[in-house]
Every structure is written in C-alpha cells, then in structure tokens.
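**Student:**
In structure tokens, the structure reads:
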C-alpha cells in the first residue's frame with residue numbers, strides 16, 4: 329500500500345478527524361499534580377470510536393501505586409485516572425506499532441486568551457484552545473489511522489495499537505508507564521507531540537529542583553534587632569546558576585545536538601521571596617526559593633551530572649558567609665530526573681516514518697531532535713521500543729492562545745497512516 333492508499337482511506341474521515349480534535353479540546357482535561365481529571369476526555373474519545381468497531385478499553389491507572397518501578401511518581405495520585413487503548417489486530421506475521429499521545433494538559437494560566445481556551449474555535453484555518461497543539465490534535469490524527477483501517481475493513485499483518493494516556497505534563501509519564509507495564513507494547517512507537525512536521529528521533533532529559541533558604545525571626549520585624557532576609561543573598565545564587573548556564577553550553581553535544589546553540593540549557597523557572605498580592609502585608613521575607621531546570625543530552629550520565637551540580641552548589645554555599653549561617657535546602661520536584669533518548673537515523677523505524685513524512689509534507693519533514701524532555705524515554709529506554717515523535721503545526725504550547733493549523737492535522741493523519749501501512753504490512 330502507498331501514500332495514495334492512505335489518502336483514499338482517510339478521505340471519508342476528514343470532517344470526523346477535525347471534529348474529534350475539537351471535541352477533545354472542548355473537554356477540560358487539566359492535570360495539576362498530584363491529581364488530574366482526564367477521564368471525561370477519554371470517554372469522549374471512546375464514544376467517538378464506537379462506530380468503528382475497534383477493540384477499545386478504558387482502564388484505571390491506579391495499579392501504578394502498587395508498582396515498584398523507579399519512574400512511578402510517588403507524590404501523584406493515579407486511582408480514578410484512566411488510559412484508553414484501541415487495537416486493530418493484524419492477520420499475523422507482521423511488525424506491530426504503538427501510536428501514543430497524552431490527553432492531559434497544563435492549566436490555562438493567567439494570561440488573557442483571545443478565544444475561550446475550551447472553545448475549540450476554528451478561525452482562519454486554526455483550531456484554538458488549550459491542548460489543541462499539545463496534543464489533542466495529534467491524538468486525533470493517530471486514532472484516525474485505526475479508524476480508517478476499521479472503516480475500510482483493512483487488516484494488516486501487524487497489530488496497530490493507539491493509546492491516549494494521562495499524567496504526561498509536569499514531568500509525569502505515569503500514563504505511558506502504565507501502558508508499558510500492562511504489556512501494551514509493540515515493535516515501534518510514535519508519540520504525537522506537536523513537532524511542526526519534524527520527525528524527532530532524540531529528546532533531552534530534565535532535572536527540576538527548588539533551592540530554598542529560610543532565615544530570620546518573624547518576631548524581630550518590628551524590633552531593634554537586625555531583620556534578616558534571604559532575598560538579597562539569593563541573588564548570589566542566581567549568579568551561581570549563571571555560571572552553569574555558561575558551562576553547559578560547552579558540553580559535548582554529539583552529532584544529534586551539534587547545531588543547537590544551547591544544547592543543554594539551564595533555566596530559572598521561578599524566583600520567590602514574597603508576593604505582590606494586595607492581601608500580603610509589607611514585610612521582609614523570611615524564606616526565598618529559586619526553581620531551577622537543568623536539561624541533559626541523551627548520551628549523558630544524568631546521575632553523575634546531578635551529583636556534580638549539587639557538589640558545586642554546596643561548595644558555593646560553604647564559601648558564602650550568609651549561606652554558611654543559613655543553609656539552603658534542595659527539594660526535588662521530579663525524582664528520578666527525566667532521561668533523554670535517541671533513535672539512530674539509520675534505524676528501520678526512522679527510515680520508514682521519515683519516508684512517509686517526506687512523501688506527505690516534503691522538505692518540512694526534517695529529521696531532528698527535540699528542544700524539551702518528554703515521556704519518550706520510558707518506551708525507548710525502559711522497555712526497548714524504538715520511539716519517534718511527530719505532530720502537526722501550531723504554537724502556544726503551555727501558553728495563552730495555543731492553536732493548531734487544521735490542515736496540518738489532516739496531513740499528520742496521512743503520515744501516521746502511511747507509516748502504519750508500510751510498517752505493519
């Protein structure tokens with residue numbers, strides 16, 4: 329079967345694919361650790377799949393809380409949060425394929441939106457709303473592959489599995505881990521992150537932590553005693569972070585990240601010593617904290633780098649009179665850290681998928697690496713499933729006014745079906 333076959337099979341589903349993406353965007357599936365309420369969106373997806381006669385299962389991920397796997401986040405709740413998987417069984421003897429995406433989203437944030445973030449409004453060829461690009465439209469494109477095969481009565485040799493998972497945002501990965509531990513595995517995997525048509529074969533790892541300092545006595549604020557505040561000394565810690573920003577730019581990049589100006593970023597995500605809210609009294613803060621984000625390249629020994637970073641931080645604090653007196657505390661936000669992954673360009677799955685993407689979108693199908701971590705390493709490194717990322721064109725992920733280009737959702741569906749026809753045939 330060819331790209332021409334993929335387009336023929338998808339042609340009757342064009343409105344249904346866009347409608348599915350809209351329907352998912354219109355359902356609030358925000359996940360804020362330790363909880364998430366994704367199940368309503370999963371039921372919408374399940375109901376949309378019913379007419380196609382696929383083998384669809386909705387299952388509770390609460391069993392993760394009994395698992396001893398090291399990447400289960402012990403500070404999260406999984407009971408009552410449901411993954412969805414749809415299977416199109418093959419006739420036998422072919423390679424199997426897992427198409428995976430997450431249905432949970434980050435919150436809408438505090439910045440103003442042009443459209444209601446749950447509206448699913450389509451305007452000038454763009455579908456707007458939280459999760460439209462990250463990554464409900466990608467999910468719709470992936471499930472369209474199974475829907476098209478089922479509608480046409482086509483069975484390939486290999487099995488096709490399409491899953492919608494929970495708990496990917498905020499460095500989760502619980503939904504992906506649940507699927508792999510359950511045994512929903514395959515010979516290859518693709519994740520529908522919004523990649524703007526790039527075929528992403530490598531991702532970075534990530535370590536998130538807070539540096540916290542408490543100092544001073546609240547009873548001393550209106551007194552003759554010195555009022556001690558950690559706010560100004562925390563500025564010196566920002567200087568220490570800046571030295572690591574510069575240092576990490578010189579890390580050995582490898583071929584995959586060779587063209588990245590900042591291959592392994594170090595970023596400050598938040599700084600807090602007091603708040604500006606009108607109900608907060610004007611007073612000197614007694615606690616200050618900095619949220620830091622280190623990224624790692626796929627080939628790096630993350631444990632070793634984290635130990636080096638922490639040793640450097642403690643050394644800095646020992647040399648600083650304030651932090652010798654008021655020691656800092658390191659609080660991990662994600663433990664263990666996220667890892668990166670890399671699939672060789674010459675791998676059969678890379679060649680298959682990149683060939684399908686090039687046939688559909690031409691030179692826009694760049695073979696590339698991601699600028700961020702995700703849950704791809706779980707399938708790839710922990711379960712040995714060769715994994716790529718591919719998704720439609722859009723913008724605004726994790727920010728206000730997120731959107732996806734509607735035409736690109738349909739092209740993405742063509743890529744996924746064309747790759748499925750080749751791989752599973």
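In our numbering, the protein residues as written are 329 to 753. By construction, the Cβ of each residue, glycine as well, lies at the ideal position given by its N, Cα and C atoms.
Is it right to say residue 346 is buried, meaning 16 or more other beta carbons lie within 10 angstroms of its own, or is it exposed?
**Tutor:** buried
**Student:** Would you check if the distance between the CB atom of residue 459 and the CB atom of residue 395 is smaller than 8 angstroms?
**Tutor:** no
**Student:** So, for residue 698: in the same chain, excluding its five sequence neighbours on each side, which residues have a beta-carbon less than 6 angstroms away from its beta-carbon?
**Tutor:** 528, 531
**Student:** Going by DSSP, what residues sit across from residue 722 in a beta bridge?
**Tutor:** 732
**Student:** Grab the span of the beta strand (DSSP E) containing residue 656 for me, first residue to last.
**Tutor:** 656 to 660
**Student:** Are residue 774 and residue 586 touching if we call contact CB-CB under 8 angstroms?
**Tutor:** Because residue 774 is not part of the residues shown, which for the chain are 329 to 753, the question remains open.
**Student:** Please list the segments of the alpha helix (DSSP H) lying wholly inside the region 445 to 518, counting only runs of 4 or more residues, in order along the chain.
**Tutor:** Assignment of alpha helix (DSSP H) within the region 445 to 518, counting only whole runs of 4 or more residues, yields 465 to 480, 502 to 510 in chain order.
**Student:** Tell me, to the nearest whole angstrom, how far the beta carbon of residue 668 is from that of residue 626; I am working on the premise that it is less than 8 angstroms.
**Tutor:** Yes, residue 668 and residue 626 are in contact; Cβ-Cβ is about 4 angstroms, under 8 angstroms.
**Student:** The beta strand (DSSP E) that contains residue 423, what's its start and end?
**Tutor:** It is not in any beta strand (DSSP E) - residue 423 carries neither H nor E in the DSSP assignment.
**Student:** In terms of DSSP beta bridges, what is residue 675 paired with?
**Tutor:** BP columns for residue 675 are empty, so no partner.
**Student:** If we define contact as Cβ-Cβ less than 8 angstroms, is residue 369 a contact residue for chain C?
**Tutor:** Checking the listed chains, one finds no chain C in this structure; it contains a single protein chain.
**Student:** Rounded to the nearest angstrom, what separates residue 472 and residue 344 at their Cα positions?
**Tutor:** 9 angstroms
**Student:** Pick helix, strand or coil for residue 412, following the three-state DSSP scheme.
**Tutor:** strand
**Student:** Just to confirm, are residue 737 and residue 331 a CB contact at a threshold of 8 angstroms?
**Tutor:** no
**Student:** Tell me the DSSP secondary structure of residue 619 in three-state form.
**Tutor:** strand
**Student:** One question on the structure: do residue 693 and residue 525 come within less than 8 angstroms of each other, judged by their Cβ atoms?
**Tutor:** yes
**Student:** Can you say whether residue 733 is buried or exposed, counting buried as having 16 or more other CB atoms within 10 angstroms of its CB?
**Tutor:** Residue 733 comes out buried.
**Student:** Based on the DSSP output, what are the partners of residue 358 in its beta bridges?
**Tutor:** Per DSSP, 433.
**Student:** So what's residue 590 in DSSP terms, helix, strand or just coil?
**Tutor:** coil
**Student:** If you draw a straight line from the alpha carbon of residue 389 to that of residue 488, how long is it in whole angstroms?
**Tutor:** One alpha carbon belongs to residue 389, the other to residue 488, and they sit about 21 angstroms apart.
**Student:** Check whether the region 502 to 517 touches the region 376 to 383, counting contact only when three or more Cβ pairs, one atom from each stretch, lie closer than 8 angstroms.
**Tutor:** With the rule of 3 Cβ pairs closer than 8 angstroms, the region 502 to 517 does not count as touching the region 376 to 383.
**Student:** Could you say if the region 423 to 435 and the region 450 to 468 meet the contact criterion of at least three C-beta pairs nearer than 8 angstroms?
**Tutor:** yes
**Student:** Does DSSP put residue 614 in a helix, a strand or coil?
**Tutor:** The answer is coil: DSSP assigns residue 614 none of H, G, I, E or B.
**Student:** Which same chain residues end up closer than 6 angstroms to residue 602 when comparing Cβ atoms and leaving out the 5 residues on each side of it in sequence?
**Tutor:** 613
**Student:** Can you tell me whether DSSP reads residue 399 as helix, strand or coil?
**Tutor:** coil
**Student:** Have a look at residue 436 and residue 421 and give me their C-alpha separation to the nearest angstrom.
**Tutor:** 46 angstroms
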